[in-house]
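>
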Amino acid sequence: MNCKVEKSKLNGVLACPPNKSYTHRAIFLASLVNGKSIIKNVLRSRDTNATIEICKSLGAEIQEAGSNLKVKGIDKFDEGDLTLDASNSGTTIRIAAAISAVRDGKTVLTGDESLKKRPMKQLTDALESLGAKCESNDGRPPLTVIGKIKGGEITIPGNISSQFISALFIVAPRTEIGITVNISSELVSKPYLDATISTMKKFGVEVEVIEPYKKYKIEPQEYKHGTVTIPSDFSSVALLLSAAVLVGDGFTVKISIGDLAQGDEAIIDILEKLGVNISMHNNTIKVKAPEKLRGGKFDLSNTPDLLPPLSILALKSGFPIELYNVKHARYKETDRIAILARELQKIGIKVTEKEDGLILDPPDKVRGAKLNSEDDHRLFMAFCIAGMYVGDCTVSNPESVDVSYPSFISDMNHVGAKISTV
85 MNCKVEKSKL NGVLACPPNK SYTHRAIFLA SLVNGKSIIK NVLRSRDTNA TIEICKSLGA
145 EIQEAGSNLK VKGIDKFDEG DLTLDASNSG TTIRIAAAIS AVRDGKTVLT GDESLKKRPM
205 KQLTDALESL GAKCESNDGR PPLTVIGKIK GGEITIPGNI SSQFISALFI VAPRTEIGIT
265 VNISSELVSK PYLDATISTM KKFGVEVEVI EPYKKYKIEP QEYKHGTVTI PSDFSSVALL
325 LSAAVLVGDG FTVKISIGDL AQGDEAIIDI LEKLGVNISM HNNTIKVKAP EKLRGGKFDL
385 SNTPDLLPPL SILALKSGFP IELYNVKHAR YKETDRIAIL ARELQKIGIK VTEKEDGLIL
445 DPPDKVRGAK LNSEDDHRLF MAFCIAGMYV GDCTVSNPES VDVSYPSFIS DMNHVGAKIS
505 TV
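If you're matching positions, the sequence shown starts at 85 in the working numbering and goes up one per residue.
1. Assign PRO315 to one of three DSSP states: helix, strand, or coil.
2. What's the gap between the Cα of ARG178 and the Cα of LYS217?
3. Which of the three DSSP states, helix, strand or coil, is assigned to ASN152?
4. Exposed or buried, which one is VAL126 when buried takes at least 16 other CB atoms within 10 Å?
5. How would you write the range of the alpha helix (DSSP H) that CYS477 sits in, first residue to last?
6. On a CA-only basis, which of ASN409, LYS200, SER184, LEU168 is nearest LEU193? Give me that one, please.
7. Would ARG523 be called buried (16 or more neighbouring beta carbons within 10 Å of its own) or exposed?
8. Using alpha carbons as the reference points, say which of ASP159, LEU344, LEU227, PHE335 lies closest to ALA45.
9. The beta strand (DSSP E) that contains ALA99, what's its start and end?
10. Assign SER115 to buried or exposed, taking buried as 16 or more other Cβ atoms, counted over all protein chains shown, within 10 Å of its Cβ.
11. Just curious, the beta strand (DSSP E) that HIS365 is in, first and last residue?
12. Hey, LEU98 and ASP495: beta-carbon distance below 8 Å or not?
13. Taking the beta strand (DSSP E) that ILE396 belongs to, which residues open and close that run?
14. By the 10 Å Cβ neighbour count, where 16 or more other Cβ atoms means buried, how is MET364 classified, buried or exposed?
15. Using only alpha-carbon positions, find the residue among ARG128, THR208, GLY441 that is nearest to ALA180.
16. Please classify ALA149 as buried or exposed, where buried requires at least 16 other C-beta atoms within 10 Å of its C-beta.
17. Report the partner residues of VAL89 according to the DSSP bridge assignment.
18. Report the three-state DSSP secondary structure of ARG224 (helix, strand or coil).
19. Let's test the definition: count the other Cβ atoms within 10 Å of the Cβ of HIS498 and tell me whether it reaches 16, buried, or not, exposed.
20. Please name the residue in ILE261, ILE369, PHE253 whose C-alpha comes closest to that of THR280.
21. Tell whether a beta-carbon distance below 8 Å holds between LEU399 and ALA322.
22. Buried or exposed: ASP131, going by 16 or more other Cβ atoms within 10 Å of its Cβ?
23. Please report how far the alpha carbon of VAL186 lies from the alpha carbon of PRO490, in whole angstroms.
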(Lines of atoms letter the chains of each structure in order from A; the text may use other names.)
(Lines give C-alpha, C1' and ligand atoms only; values in the text may rest on other atoms or scores of the structure.)
Protein backbone atom coordinates (compact mmCIF):
# COMPACT_ATOMS: atom_id res chain seq x y z
CA MET A 85 0.00 0.00 0.00
CA ASN A 86 1.09 3.59 -0.68
CA CYS A 87 -0.01 7.07 0.28
CA LYS A 88 -0.43 10.04 -2.01
CA VAL A 89 0.65 13.33 -0.40
CA GLU A 90 -0.25 16.72 -1.81
CA LYS A 91 0.88 20.20 -0.78
CA SER A 92 -0.74 21.03 2.54
CA LYS A 93 -1.02 23.67 5.24
CA LEU A 94 -1.53 22.60 8.84
CA ASN A 95 -3.79 24.54 11.17
CA GLY A 96 -5.30 23.62 14.53
CA VAL A 97 -4.27 21.72 17.65
CA LEU A 98 -2.89 18.18 17.68
CA ALA A 99 -2.14 16.13 20.81
CA CYS A 100 1.08 14.14 20.61
CA PRO A 101 0.91 10.40 21.41
CA PRO A 102 2.46 8.92 24.58
CA ASN A 103 6.10 7.92 24.72
CA LYS A 104 6.94 4.52 23.27
CA SER A 105 10.22 4.00 25.14
CA TYR A 106 8.72 4.74 28.55
CA THR A 107 5.65 2.61 27.77
CA HIS A 108 7.90 -0.39 27.04
CA ARG A 109 9.95 0.11 30.18
CA ALA A 110 6.97 0.64 32.47
CA ILE A 111 5.19 -2.51 31.23
CA PHE A 112 8.27 -4.69 31.65
CA LEU A 113 9.08 -3.28 35.09
CA ALA A 114 5.48 -3.54 36.33
CA SER A 115 5.57 -7.16 35.18
CA LEU A 116 8.58 -7.79 37.43
CA VAL A 117 6.77 -6.45 40.52
CA ASN A 118 5.32 -8.89 43.04
CA GLY A 119 2.11 -6.87 43.22
CA LYS A 120 -0.23 -4.65 41.24
CA SER A 121 0.75 -1.47 39.41
CA ILE A 122 -1.03 1.08 37.23
CA ILE A 123 0.46 2.61 34.09
CA LYS A 124 -1.36 5.72 32.91
CA ASN A 125 -1.46 7.27 29.42
CA VAL A 126 -0.08 4.17 27.72
CA LEU A 127 0.87 4.20 24.04
CA ARG A 128 -0.99 1.42 22.27
CA SER A 129 0.88 0.49 19.12
CA ARG A 130 2.20 -2.60 17.37
CA ASP A 131 5.47 -2.40 19.32
CA THR A 132 3.95 -1.85 22.75
CA ASN A 133 1.30 -4.49 22.10
CA ALA A 134 4.15 -6.94 21.48
CA THR A 135 5.58 -6.04 24.88
CA ILE A 136 2.19 -6.57 26.53
CA GLU A 137 1.75 -10.00 24.94
CA ILE A 138 5.27 -11.10 25.85
CA CYS A 139 4.81 -10.04 29.48
CA LYS A 140 1.56 -12.00 29.59
CA SER A 141 3.37 -15.04 28.20
CA LEU A 142 6.00 -14.66 30.92
CA GLY A 143 3.26 -14.72 33.56
CA ALA A 144 2.07 -11.14 34.13
CA GLU A 145 -1.64 -10.33 34.26
CA ILE A 146 -2.44 -7.17 32.29
CA GLN A 147 -5.84 -5.50 32.00
CA GLU A 148 -6.83 -2.48 29.93
CA ALA A 149 -8.65 0.37 31.64
CA GLY A 150 -9.20 3.08 29.02
CA SER A 151 -5.80 4.60 28.26
CA ASN A 152 -4.33 2.91 31.35
CA LEU A 153 -3.05 -0.57 32.13
CA LYS A 154 -3.43 -2.52 35.36
CA VAL A 155 -0.52 -4.93 35.76
CA LYS A 156 -0.15 -7.76 38.25
CA GLY A 157 3.48 -8.76 38.12
CA ILE A 158 5.27 -12.10 38.10
CA ASP A 159 6.03 -13.49 41.56
CA LYS A 160 7.84 -16.55 40.24
CA PHE A 161 8.57 -17.45 36.63
CA ASP A 162 7.07 -20.66 35.31
CA GLU A 163 9.57 -23.27 34.23
CA GLY A 164 9.46 -24.82 30.79
CA ASP A 165 9.89 -23.77 27.20
CA LEU A 166 8.45 -20.55 25.76
CA THR A 167 8.32 -18.88 22.35
CA LEU A 168 8.01 -15.09 22.40
CA ASP A 169 7.22 -12.95 19.33
CA ALA A 170 8.47 -9.35 19.52
CA SER A 171 6.99 -8.39 16.13
CA ASN A 172 8.96 -5.31 14.94
CA SER A 173 10.23 -4.11 18.32
CA GLY A 174 13.95 -4.06 19.07
CA THR A 175 13.35 -2.78 22.59
CA THR A 176 10.93 -5.63 23.27
CA ILE A 177 13.15 -8.47 22.09
CA ARG A 178 16.24 -7.13 23.85
CA ILE A 179 14.60 -6.66 27.26
CA ALA A 180 12.68 -9.94 26.89
CA ALA A 181 15.92 -11.78 26.07
CA ALA A 182 17.51 -10.58 29.30
CA ILE A 183 14.41 -11.50 31.32
CA SER A 184 14.44 -14.94 29.68
CA ALA A 185 17.90 -15.48 31.14
CA VAL A 186 16.61 -15.30 34.75
CA ARG A 187 14.01 -18.03 34.30
CA ASP A 188 14.54 -21.78 34.12
CA GLY A 189 13.85 -23.32 30.74
CA LYS A 190 14.40 -22.52 27.10
CA THR A 191 13.03 -19.33 25.55
CA VAL A 192 12.90 -18.74 21.79
CA LEU A 193 12.57 -15.08 20.81
CA THR A 194 11.62 -14.08 17.29
CA GLY A 195 9.95 -11.30 15.31
CA ASP A 196 9.19 -10.03 11.84
CA GLU A 197 11.65 -9.91 8.94
CA SER A 198 12.86 -6.43 9.88
CA LEU A 199 13.58 -7.47 13.46
CA LYS A 200 15.52 -10.51 12.25
CA LYS A 201 18.08 -8.09 10.79
CA ARG A 202 18.68 -6.22 14.07
CA PRO A 203 21.97 -6.80 15.94
CA MET A 204 21.83 -8.75 19.20
CA LYS A 205 25.34 -10.16 19.61
CA GLN A 206 26.57 -7.70 22.23
CA LEU A 207 23.64 -8.62 24.47
CA THR A 208 23.85 -12.38 23.94
CA ASP A 209 27.61 -12.27 24.59
CA ALA A 210 26.92 -10.47 27.88
CA LEU A 211 24.24 -12.98 28.88
CA GLU A 212 26.56 -15.87 28.06
CA SER A 213 29.32 -14.34 30.20
CA LEU A 214 26.79 -14.35 33.05
CA GLY A 215 26.08 -18.05 32.52
CA ALA A 216 23.20 -18.22 30.04
CA LYS A 217 23.29 -20.34 26.92
CA CYS A 218 22.38 -18.35 23.81
CA GLU A 219 21.94 -19.24 20.16
CA SER A 220 21.24 -16.83 17.31
CA ASN A 221 21.32 -16.44 13.56
CA ASP A 222 24.80 -14.93 13.23
CA GLY A 223 24.14 -12.51 16.07
CA ARG A 224 20.59 -11.71 14.98
CA PRO A 225 17.12 -13.08 15.83
CA PRO A 226 15.64 -15.57 16.20
CA LEU A 227 17.35 -16.17 19.53
CA THR A 228 17.33 -19.07 21.93
CA VAL A 229 18.10 -18.24 25.57
CA ILE A 230 18.49 -20.85 28.31
CA GLY A 231 18.88 -19.63 31.91
CA LYS A 232 19.21 -19.32 34.75
CA ILE A 233 21.83 -16.64 35.38
CA LYS A 234 22.82 -15.67 38.93
CA GLY A 235 24.39 -12.31 38.09
CA GLY A 236 27.99 -11.14 38.15
CA GLU A 237 30.22 -8.55 36.50
CA ILE A 238 30.28 -8.08 32.75
CA THR A 239 31.80 -5.78 30.15
CA ILE A 240 29.76 -4.69 27.15
CA PRO A 241 30.36 -2.17 24.33
CA GLY A 242 28.02 0.81 24.09
CA ASN A 243 28.54 1.78 20.45
CA ILE A 244 25.59 -0.04 18.82
CA SER A 245 22.65 0.42 21.18
CA SER A 246 22.03 1.43 24.78
CA GLN A 247 19.10 -1.02 24.75
CA PHE A 248 21.47 -3.91 25.48
CA ILE A 249 22.59 -2.19 28.68
CA SER A 250 19.03 -1.19 29.61
CA ALA A 251 18.01 -4.84 29.29
CA LEU A 252 20.75 -5.91 31.72
CA PHE A 253 19.81 -3.15 34.18
CA ILE A 254 16.14 -4.17 34.16
CA VAL A 255 16.84 -7.82 34.88
CA ALA A 256 19.65 -7.28 37.42
CA PRO A 257 17.44 -6.84 40.52
CA ARG A 258 15.88 -10.25 39.87
CA THR A 259 19.25 -12.04 39.88
CA GLU A 260 20.76 -13.77 42.92
CA ILE A 261 23.88 -11.60 43.27
CA GLY A 262 23.12 -8.56 41.11
CA ILE A 263 24.99 -7.32 38.06
CA THR A 264 27.87 -4.89 37.65
CA VAL A 265 28.04 -3.44 34.14
CA ASN A 266 31.22 -2.02 32.61
CA ILE A 267 30.70 -0.12 29.35
CA SER A 268 33.83 -0.53 27.24
CA SER A 269 33.26 2.10 24.54
CA GLU A 270 31.55 5.45 24.13
CA LEU A 271 27.86 4.94 24.89
CA VAL A 272 25.36 6.05 22.25
CA SER A 273 21.80 7.13 23.07
CA LYS A 274 22.69 8.00 26.67
CA PRO A 275 19.26 9.53 27.48
CA TYR A 276 17.61 6.16 26.85
CA LEU A 277 19.76 4.56 29.56
CA ASP A 278 18.84 7.47 31.83
CA ALA A 279 15.19 6.75 31.01
CA THR A 280 15.66 3.15 32.13
CA ILE A 281 17.22 4.24 35.42
CA SER A 282 14.44 6.80 36.02
CA THR A 283 11.72 4.24 35.37
CA MET A 284 13.41 1.66 37.62
CA LYS A 285 13.45 4.29 40.37
CA LYS A 286 9.69 4.76 39.91
CA PHE A 287 9.37 1.07 40.81
CA GLY A 288 11.59 1.34 43.89
CA VAL A 289 14.91 0.10 42.52
CA GLU A 290 18.19 1.99 42.81
CA VAL A 291 21.06 1.86 40.33
CA GLU A 292 24.49 2.68 41.74
CA VAL A 293 26.40 4.95 39.38
CA ILE A 294 30.09 4.19 39.87
CA GLU A 295 31.16 6.21 36.81
CA PRO A 296 28.49 7.82 34.58
CA TYR A 297 28.02 5.94 31.30
CA LYS A 298 31.02 3.73 32.17
CA LYS A 299 30.28 1.60 35.24
CA TYR A 300 27.10 0.75 37.16
CA LYS A 301 26.14 -1.69 39.89
CA ILE A 302 22.65 -3.04 40.54
CA GLU A 303 22.18 -5.11 43.68
CA PRO A 304 19.44 -7.74 44.10
CA GLN A 305 16.28 -5.81 45.03
CA GLU A 306 12.52 -6.10 44.89
CA TYR A 307 10.60 -4.00 42.43
CA LYS A 308 7.80 -2.14 44.26
CA HIS A 309 4.30 -1.64 42.91
CA GLY A 310 3.32 1.89 41.95
CA THR A 311 1.63 4.22 39.50
CA VAL A 312 3.53 5.63 36.53
CA THR A 313 2.24 8.21 34.04
CA ILE A 314 3.75 8.11 30.54
CA PRO A 315 4.64 11.52 29.04
CA SER A 316 4.22 12.56 25.42
CA ASP A 317 6.75 11.11 22.99
CA PHE A 318 9.28 13.75 21.94
CA SER A 319 10.35 11.55 19.03
CA SER A 320 6.84 12.13 17.67
CA VAL A 321 6.84 15.76 18.87
CA ALA A 322 9.95 16.28 16.73
CA LEU A 323 8.11 15.05 13.64
CA LEU A 324 5.12 17.27 14.36
CA LEU A 325 7.36 20.29 14.94
CA SER A 326 9.17 19.64 11.66
CA ALA A 327 5.74 19.71 10.03
CA ALA A 328 4.98 22.98 11.80
CA VAL A 329 8.22 24.49 10.49
CA LEU A 330 7.66 23.34 6.90
CA VAL A 331 3.90 23.69 6.43
CA GLY A 332 2.45 25.10 9.65
CA ASP A 333 -0.11 27.91 9.47
CA GLY A 334 -1.27 28.39 13.05
CA PHE A 335 -0.47 24.76 13.93
CA THR A 336 -0.13 23.93 17.65
CA VAL A 337 1.27 20.75 19.22
CA LYS A 338 -0.22 19.72 22.58
CA ILE A 339 2.02 17.75 24.93
CA SER A 340 2.15 16.18 28.38
CA ILE A 341 5.68 16.55 29.76
CA GLY A 342 5.52 14.91 33.20
CA ASP A 343 8.62 14.18 35.29
CA LEU A 344 10.40 11.67 33.05
CA ALA A 345 13.08 13.34 30.93
CA GLN A 346 13.63 12.57 27.24
CA GLY A 347 16.71 13.10 25.13
CA ASP A 348 14.61 14.08 22.12
CA GLU A 349 13.55 17.24 23.96
CA ALA A 350 16.77 18.50 22.34
CA ILE A 351 14.63 19.20 19.26
CA ILE A 352 13.58 22.47 20.90
CA ASP A 353 17.15 23.73 21.24
CA ILE A 354 18.08 22.56 17.73
CA LEU A 355 15.11 24.29 16.12
CA GLU A 356 15.98 27.52 17.92
CA LYS A 357 19.55 27.27 16.60
CA LEU A 358 18.07 26.87 13.10
CA GLY A 359 16.27 30.19 13.61
CA VAL A 360 12.83 28.93 14.63
CA ASN A 361 10.97 30.85 17.33
CA ILE A 362 9.50 28.40 19.87
CA SER A 363 6.66 29.31 22.23
CA MET A 364 5.79 26.84 25.02
CA HIS A 365 2.78 27.62 27.21
CA ASN A 366 0.26 25.49 29.12
CA ASN A 367 1.52 22.21 27.64
CA THR A 368 1.40 23.50 24.07
CA ILE A 369 4.15 24.28 21.58
CA LYS A 370 3.88 26.81 18.76
CA VAL A 371 6.57 27.65 16.24
CA LYS A 372 7.27 30.61 14.01
CA ALA A 373 9.73 29.69 11.28
CA PRO A 374 11.76 32.14 9.19
CA GLU A 375 11.50 32.08 5.42
CA LYS A 376 14.81 30.22 5.35
CA LEU A 377 16.41 28.24 8.19
CA ARG A 378 19.97 29.01 9.24
CA GLY A 379 21.52 25.59 8.82
CA GLY A 380 24.13 24.22 11.20
CA LYS A 381 25.97 21.16 12.52
CA PHE A 382 24.25 18.92 15.06
CA ASP A 383 25.59 15.96 17.05
CA LEU A 384 22.85 13.29 17.23
CA SER A 385 24.80 10.68 19.19
CA ASN A 386 22.23 10.81 21.99
CA THR A 387 19.17 11.47 19.82
CA PRO A 388 19.20 9.18 16.76
CA ASP A 389 15.42 9.43 16.25
CA LEU A 390 15.85 13.12 15.41
CA LEU A 391 17.67 12.18 12.20
CA PRO A 392 14.54 11.88 9.98
CA PRO A 393 12.70 15.06 11.12
CA LEU A 394 15.84 17.19 10.98
CA SER A 395 16.89 15.84 7.58
CA ILE A 396 13.70 17.00 5.88
CA LEU A 397 14.17 20.53 7.23
CA ALA A 398 16.85 20.98 4.55
CA LEU A 399 13.88 21.66 2.26
CA LYS A 400 13.51 25.07 3.91
CA SER A 401 17.10 25.85 4.82
CA GLY A 402 19.22 28.60 3.35
CA PHE A 403 22.42 26.80 4.36
CA PRO A 404 23.64 23.21 4.76
CA ILE A 405 22.47 21.09 7.68
CA GLU A 406 25.01 18.53 8.91
CA LEU A 407 23.90 15.69 11.19
CA TYR A 408 26.74 13.61 12.62
CA ASN A 409 27.78 11.06 15.28
CA VAL A 410 24.68 9.03 14.48
CA LYS A 411 26.14 5.88 12.91
CA HIS A 412 23.88 3.81 15.18
CA ALA A 413 20.92 5.01 13.07
CA ARG A 414 22.13 2.44 10.55
CA TYR A 415 21.05 -0.30 12.99
CA LYS A 416 17.45 0.80 13.49
CA GLU A 417 14.47 -0.77 11.69
CA THR A 418 16.41 0.13 8.54
CA ASP A 419 19.71 1.80 7.66
CA ARG A 420 18.16 5.23 8.08
CA ILE A 421 21.25 7.11 6.96
CA ALA A 422 21.41 5.29 3.62
CA ILE A 423 17.67 5.49 2.94
CA LEU A 424 17.40 9.18 3.80
CA ALA A 425 20.38 9.91 1.52
CA ARG A 426 18.82 7.96 -1.34
CA GLU A 427 15.24 9.17 -1.04
CA LEU A 428 15.69 12.85 -0.17
CA GLN A 429 17.73 13.38 -3.33
CA LYS A 430 14.60 12.43 -5.27
CA ILE A 431 12.80 15.56 -4.02
CA GLY A 432 15.74 17.87 -4.73
CA ILE A 433 17.79 17.94 -1.52
CA LYS A 434 21.51 17.61 -2.22
CA VAL A 435 22.77 14.91 0.14
CA THR A 436 26.27 13.78 1.05
CA GLU A 437 26.21 10.47 2.90
CA LYS A 438 28.86 10.03 5.58
CA GLU A 439 29.55 6.91 7.62
CA ASP A 440 28.12 8.58 10.71
CA GLY A 441 25.51 10.92 9.25
CA LEU A 442 24.42 13.25 6.48
CA ILE A 443 25.24 16.65 5.02
CA LEU A 444 22.10 18.12 3.46
CA ASP A 445 22.28 21.09 1.12
CA PRO A 446 19.04 22.91 0.32
CA PRO A 447 17.46 22.15 -3.05
CA ASP A 448 17.65 24.52 -6.01
CA LYS A 449 14.17 23.30 -6.91
CA VAL A 450 11.89 20.80 -5.21
CA ARG A 451 10.01 18.11 -7.11
CA GLY A 452 7.50 15.41 -6.34
CA ALA A 453 8.69 11.81 -6.22
CA LYS A 454 7.93 8.24 -5.21
CA LEU A 455 9.52 7.77 -1.80
CA ASN A 456 10.26 4.32 -0.41
CA SER A 457 10.17 4.21 3.40
CA GLU A 458 11.11 0.50 3.40
CA ASP A 459 8.47 -0.12 6.06
CA ASP A 460 10.20 2.16 8.58
CA HIS A 461 7.64 4.12 10.59
CA ARG A 462 9.79 7.17 11.27
CA LEU A 463 10.89 7.43 7.65
CA PHE A 464 7.30 7.09 6.42
CA MET A 465 6.16 9.95 8.66
CA ALA A 466 9.12 12.15 7.73
CA PHE A 467 8.56 11.52 4.01
CA CYS A 468 4.86 12.37 4.33
CA ILE A 469 5.75 15.67 6.00
CA ALA A 470 8.26 16.40 3.25
CA GLY A 471 5.52 15.59 0.74
CA MET A 472 3.23 18.18 2.33
CA TYR A 473 5.88 20.78 1.50
CA VAL A 474 6.87 19.49 -1.95
CA GLY A 475 3.56 18.14 -3.24
CA ASP A 476 2.85 15.30 -5.66
CA CYS A 477 4.64 12.63 -3.61
CA THR A 478 3.85 8.96 -3.11
CA VAL A 479 5.15 7.32 0.07
CA SER A 480 5.27 3.56 0.61
CA ASN A 481 4.21 1.49 3.63
CA PRO A 482 1.65 3.59 5.54
CA GLU A 483 0.93 0.55 7.73
CA SER A 484 4.36 1.04 9.33
CA VAL A 485 3.01 3.83 11.58
CA ASP A 486 1.26 1.16 13.66
CA VAL A 487 4.65 0.69 15.33
CA SER A 488 4.71 4.06 17.12
CA TYR A 489 1.92 6.45 15.99
CA PRO A 490 -1.07 4.49 14.66
CA SER A 491 -3.26 7.58 14.19
CA PHE A 492 -0.61 9.61 12.32
CA ILE A 493 -2.43 9.84 8.98
CA SER A 494 -5.85 10.63 10.45
CA ASP A 495 -4.31 13.14 12.88
CA MET A 496 -2.46 14.89 10.07
CA ASN A 497 -5.53 15.03 7.86
CA HIS A 498 -7.56 16.41 10.77
CA VAL A 499 -5.33 19.51 10.87
CA GLY A 500 -5.17 20.04 7.12
CA ALA A 501 -2.85 17.48 5.55
CA LYS A 502 -3.79 15.93 2.23
CA ILE A 503 -2.75 12.30 2.62
CA SER A 504 -4.73 9.53 0.93
CA THR A 505 -4.11 5.83 0.43
CA VAL A 506 -3.68 4.61 -3.15
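Glycine included, each C-beta is placed from N, C-alpha and C at the ideal position. The structure displayed is predicted, hence computed values, not measured ones.
For this structure:
1. Coil, per DSSP.
2. Computed Cα separation, rounded: 15 Å.
3. DSSP places ASN152 in the strand class (E or B) of the three-state scheme.
4. Result: buried.
5. Note, CYS477: premise wrong, no alpha helix (DSSP H); beta strand (DSSP E) at 477-480.
6. Closest by alpha carbon: LEU168.
7. The structure shown does not extend to residue 523, since the chain spans only 85 to 506, so no value can be given for it.
8. Because residue 45 is not part of the residues shown, which for the chain are 85 to 506, the question remains open.
9. Boundaries of the beta strand (DSSP E) around ALA99: 94-99.
10. Flag for SER115 reads buried.
11. In the DSSP assignment, HIS365 falls within the beta strand (DSSP E) that extends over 361-365.
12. Taking 8 Å as the Cβ cut-off, LEU98 and ASP495 qualify as a contacting pair.
13. From DSSP, ILE396 is part of no beta strand (DSSP E) but of the alpha helix (DSSP H) over 391-396.
14. Around the beta carbon of MET364, fewer than 16 other beta carbons sit within 10 angstroms, so the residue counts as exposed.
15. For ALA180, the closest alpha carbon among the candidates ARG128, THR208, GLY441 is that of THR208.
16. With fewer than 16 other Cβ atoms within 10 Å, it is exposed.
17. In DSSP, VAL89 forms a bridge with CYS477, ILE503.
18. In the three-state reduction of the DSSP assignment, ARG224 falls in the strand class, which pools E and B.
19. Counting other Cβ atoms within 10 Å of its Cβ, HIS498 stays below 16 and is therefore classed as exposed.
20. That would be PHE253, whose Cα lies nearest to the Cα of THR280.
21. Between LEU399 and ALA322, the CB-CB gap reaches or exceeds 8 Å.
22. ASP131 counts as buried, since no fewer than 16 other beta carbons sit within 10 angstroms of its beta carbon.
23. One alpha carbon belongs to VAL186, the other to PRO490, and they sit about 33 Å apart.
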